[in-house]
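In this note's numbering, each residue carries its 1-based index in the sequence shown increased by 10.
Each residue gets a CB set at the ideal place from its N, CA and C atoms; glycine is no exception.
These figures come from a predicted structure and were not determined experimentally.
Following: one structure in structure tokens, then a few remarks.
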Amino acid sequence: MQVTFCGTRGSTPAPGPGFIRYGGHTSCLALAHDAAPTRPVLLLDAGTGLRRVSELLGDQPFLGTVLVTHLHWDHIQGVPFFGAGDRPDGAVHLRFPPDDHGTDPERLLARMMSPPFFPIGPEQLRGDWRFSALPAGSFAAEGFDVTAREVPHKGAQTLGLRVSDGRSSMAYIPDHCPTAVGPGPDGLGAYHDTVLELARGVDLLVHDAHLRAEELEAEGSFGHAAAEYAVALGASAGVGRVALFHHRPERDDVEMDRTLCRFTDGPLPVVGAQEGSTLSL
Numbered sequence: 011m012q013v014t015f016c017g018t019r020g021s022t023p024a025p026g027p028g029f030i031r032y033g034g035h036t037s038c039l040a041l042a043h044d045a046a047p048t049r050p051v052l053l054l055d056a057g058t059g060l061r062r063v064s065e066l067l068g069d070q071p072f073l074g075t076v077l078v079t080h081l082h083w084d085h086i087q088g089v090p091f092f093g094a095g096d097r098p099d100g101a102v103h104l105r106f107p108p109d110d111h112g113t114d115p116e117r118l119l120a121r122m123m124s125p126p127f128f129p130i131g132p133e134q135l136r137g138d139w140r141f142s143a144l145p146a147g148s149f150a151a152e153g154f155d156v157t158a159r160e161v162p163h164k165g166a167q168t169l170g171l172r173v174s175d176g177r178s179s180m181a182y183i184p185d186h187c188p189t190a191v192g193p194g195p196d197g198l199g200a201y202h203d204t205v206l207e208l209a210r211g212v213d214l215l216v217h218d219a220h221l222r223a224e225e226l227e228a229e230g231s232f233g234h235a236a237a238e239y240a241v242a243l244g245a246s247a248g249v250g251r252v253a254l255f256h257h258r259p260e261r262d263d264v265e266m267d268r269t270l271c272r273f274t275d276g277p278l279p280v281v282g283a284q285e286g287s288t289l290s291l
């Protein structure tokens, strides 16, 4: 499995010279099979980093599935700018969690993507676009086995994902508020059953690290986790390595380096997700 980080930032894009190494685009991962490493077919989230998927494909259309963990702006705003999907020969199956009222998925997306907030609606995207709900459960998508489970996060039903190709596996939990379930053994949040199910034994855990431990008391209620929690969860779940993700928009490259220095002598390898980088699992 090839995992490319196309957007690593949380909440809002962070452009500028201080955000070059870790990136400024919001959440998007591109997954490809080893047999076709330059042809991603499964995308996780559709933040502004979705634009980078078009760069990966060159002049080729995207033919695959996009799984959106939740409908906050930083996970969906890239949809109308997805050049590799918005073309006559593109084919995109966009899936995201349903709302509490069973709203048709295309109409739900149109709340963000329609006049006067945007010049076109989802029905005007070119190519073969399909929109469907993504409930919790297990299913196959583009040759991968996927498990989706609800995780606590403020303001919308939010899913964490586990993806496997039969040889390697990863967990993607970009927005997670574990303190909503309880303080856990160290006050950073509970290692609850759902998140342990997603993370247990994976080769790579990509996890919300929006906060540092000392920021949790003042800002944890906004719906995010501390980097220290992500690493401790990885150790508890026996993962191969942890990629800190959903970087705070104010956290520039220097501050990201300082965060990572906290884990140089930790129990497992820890990296900061860097926009444009690819990990081979």
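message: Can you check which of these residues, Ile-30, Ala-24, Pro-107, Glu-224, is closest to Gly-170 by C-alpha distance?
response: The residue labelled residue 170 in the question sits at position 160 within the sequence shown. Checked all of Ile-30, Ala-24, Pro-107, Glu-224; the closest Cα to Gly-170 is Pro-107.
task: Report the three-state DSSP secondary structure of Phe-127 (helix, strand or coil).
output: Position 117 of the sequence shown, counting from 1, holds the residue named residue 127. The answer is coil: DSSP assigns Phe-127 none of H, G, I, E or B.
- request: Would you please state the rounded distance, in angstroms, between the beta carbons of Cys-16 and His-35? I believe it to be under 8 Å.
  value: Taking the sequence shown and counting its residues from 1, one reaches residue 16 at position 6. Taking the sequence shown and counting its residues from 1, one reaches residue 35 at position 25. About 7 Å separates the two Cβ atoms, so the contact holds.
task: Check the DSSP bridge columns for Glu-160 and list the partner residues they point to.
output: Locating residue 160 in the sequence shown gives position 150, counting from the first residue. Beta-bridge pairing links Glu-160 to Leu-169.
message: If I measure Cβ to Cβ from Leu-198 and keep anything under 8 Å in the same chain, skipping five residues before and after, which residues do I get?
response: Indexing the sequence shown from 1 puts residue 198 at position 188. Result list for Leu-198: Pro-188, Thr-189, Ala-223, Leu-226, Ala-235, Ala-236, Glu-238, Tyr-239, Ala-242, in chain order.
query: Whose CA, out of Phe-127, Pro-90, Glu-133, Pro-126, lies closest to the CA of Asp-114?
result: Along the sequence shown, one-based indexing puts residue 114 at 104. Comparing Cα positions, the closest option is Glu-133.
message: Once the 5 residues before and after Ser-148 are set aside, which same chain residues still bring their CB inside 6 Å of it?
response: Reading the sequence shown from its first residue, position 138 is the one you call residue 148. For Ser-148, where only same-chain residues beyond five positions count, the Cβ hits under 6 Å are Thr-157.
task: Return helix, strand or coil for Tyr-182, following the three-state DSSP convention.
output: Within the sequence shown, residue 182 is the residue found at index 172, counting from 1. Looking at Tyr-182 - three-state DSSP - the assignment turns out to be strand.
query: Using DSSP with H/G/I as helix, E/B as strand and the rest coil, what is Gln-12?
result: Numbered from its first residue, the sequence shown carries residue 12 at position 2. If DSSP states are grouped into helix, strand and coil, Gln-12 belongs with the strands.
- request: Check whether the Cβ atoms of Phe-141 and Leu-104 sit closer than 8 Å, and answer yes or no.
  value: Within the sequence shown, residue 141 is the residue found at index 131, counting from 1. Within the sequence shown, residue 104 is the residue found at index 94, counting from 1. Against a cut-off of 8 Å, the Cβ pair of Leu-104 and Phe-141 comes out as a contact.
message: Let me check one thing: in DSSP terms, what residues is Phe-106 bridge-paired to?
response: One-based indexing of the sequence shown puts residue 106 at position 96. Bridge partners of Phe-106: Ala-143.
Reference Met-266; option with closest CA among Val-191, Gly-28, Arg-61: Taking the sequence shown and counting its residues from 1, one reaches residue 266 at position 256. When each option's Cα is compared against that of Met-266, the closest is Gly-28.
Boundaries of the beta strand (DSSP E) in which Thr-288 is found, first to last residue: Counting from one through the sequence shown, the residue named residue 288 turns up at place 278. Element bounds for Thr-288: 288–290.
task: Scan the region 20–54 and note each continuous beta strand (DSSP E) run of 3 residues or more that stays entirely inside, going in chain order.
output: 38–42, 52–54
task: Put Arg-258 into one of helix, strand or coil per three-state DSSP.
output: Stepping through the sequence shown from its first residue, residue 258 is reached at position 248. In this structure, Arg-258 counts as coil in the three-state DSSP scheme.
- request: Answer with buried or exposed for Gly-95, where buried requires no fewer than 16 other C-beta atoms within 10 angstroms of its C-beta.
  value: The sequence position of residue 95 within the sequence shown is 85, counting from 1. With 16 or more other Cβ atoms within 10 Å, it is buried.
- prompt: Helix, strand or coil: which one does DSSP assign to Gly-244?
  reply: As a position in the sequence shown, residue 244 is number 234, starting the count at 1. Helix.
message: Mapping the DSSP letters down to three states, classify Thr-113 as helix, strand or coil.
response: For this step, residue 113 is matched to residue 103 along the sequence shown. Coil at Thr-113, not helix or strand.
message: Using only the alpha-carbon positions, how far apart do Ala-45 and Arg-19 sit?
response: By 1-based counting over the sequence shown, the position of residue 45 is 35. By 1-based counting over the sequence shown, the position of residue 19 is 9. Using only the alpha carbons, I get a separation of about 29 Å.
field: DSSP three-state assignment for Phe-273, whether helix, strand or coil
entry: Start at 1 with the first residue of the sequence shown, and residue 273 comes out as number 263. Phe-273: coil per DSSP, three-state reduction.
query: So which of Ala-219, Val-252, Asp-218 has the shortest CA-CA distance to Leu-278?
result: As a first step, residue 278 is located in the sequence shown; it is residue number 268 there, counting from the start. Nearest option by C-alpha distance: Val-252.
- request: Check whether the region 86–93 touches the region 172–187, counting contact only when three or more Cβ pairs, one atom from each stretch, lie closer than 8 Å.
  value: no
- prompt: Within this structure, are the beta carbons of His-257 and Pro-184 separated by less than 8 Å?
  reply: As a first step, residue 257 is located in the sequence shown; it is residue number 247 there, counting from the start. As a first step, residue 184 is located in the sequence shown; it is residue number 174 there, counting from the start. No, these two residues do not count as a Cβ contact at 8 Å.
- request: Look up Phe-154 in the DSSP assignment and say whether it is helix, strand or coil.
  value: Position 144 of the sequence shown, counted from the start, is the residue given in the question as residue 154. Strand.
task: Compare the Cα-Cα distances from Arg-172 to each of Cys-38, Val-63, Leu-54, Pro-25 and report the closest residue.
output: The count along the sequence shown starts at 1 and reaches residue 172 at position 162. Out of Cys-38, Val-63, Leu-54, Pro-25, Leu-54 has the C-alpha closest to the C-alpha of Arg-172.
Pick from Ser-246, His-163, Gly-233 that is closest to Asp-196, judged by C-alpha positions: Start at 1 with the first residue of the sequence shown, and residue 196 comes out as number 186. Ranking the options by Cα distance to Asp-196, first place goes to Ser-246.
Residue range of the beta strand (DSSP E) that includes Val-249: Residue 249 sits at position 239 when you count from the first residue of the sequence shown. Looking at the DSSP string, Val-249 is not in any beta strand (DSSP E), and its letter there is neither H nor E.
- request: Have a look at Leu-73, Leu-77, Ala-200 and flag the residue whose alpha-carbon is nearest the alpha-carbon of Asp-155.
  value: Here residue 155 refers to the residue found at position 145 of the sequence shown. Nearest C-alpha to Asp-155: Leu-77.
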